[in-house]
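Undergrad:
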């Protein structure tokens with residue numbers, strides 16, 4: 007079984023591929039702590055990637071799950 011540790015446990019020539027303890031992350035384009043888009047599974051998450059992929063507008067840092075809602079025809083809290 008392959009795990010994230012820099013060792014090729016399954017001897018297939020690829021280190022940490024299909025590691026059971028890898029994490030799924032999402033790009034956080036607006037820096038609000040919530041991401042969106044295609045998931046990426048890796049042992050070492052890249053910069054600007056977060057565990058939560060539920061942002062409904064990743065271009066606006068004021069829009070994210072749980073954000074304060076205001077009366078302006080914008081869904082701030084997703």
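Numbering (our numbering), first residue to last: 7 to 84.
Glycine residues also receive a C-beta, built at the ideal position from the N, C-alpha and C atoms.
Since the structure is predicted, the reported quantities are computational estimates derived from the model, not experimental observations.
#1: For residue 31 versus residue 8, is the C-beta spacing smaller than 7 Å?
#2: Candidates 83, 63 and 80: which alpha carbon is nearest residue 37's?
#3: How close, in whole Å, do the beta carbons of residue 20 and residue 14 come, if the pair is a contact with beta carbons under 8 Å?
#4: How many Å lie between residue 76 and residue 56 at the Cα?
#5: When you compare each of 82, 29 and 80 to residue 50 by their alpha carbons, which one comes out closest?
TA: Straight from the coordinates:
#1: no
#2: 63
#3: 7 Å
#4: 26 Å
#5: The shortest CA-to-CA distance from residue 50 to any of 82, 29 and 80 is the one to 29.
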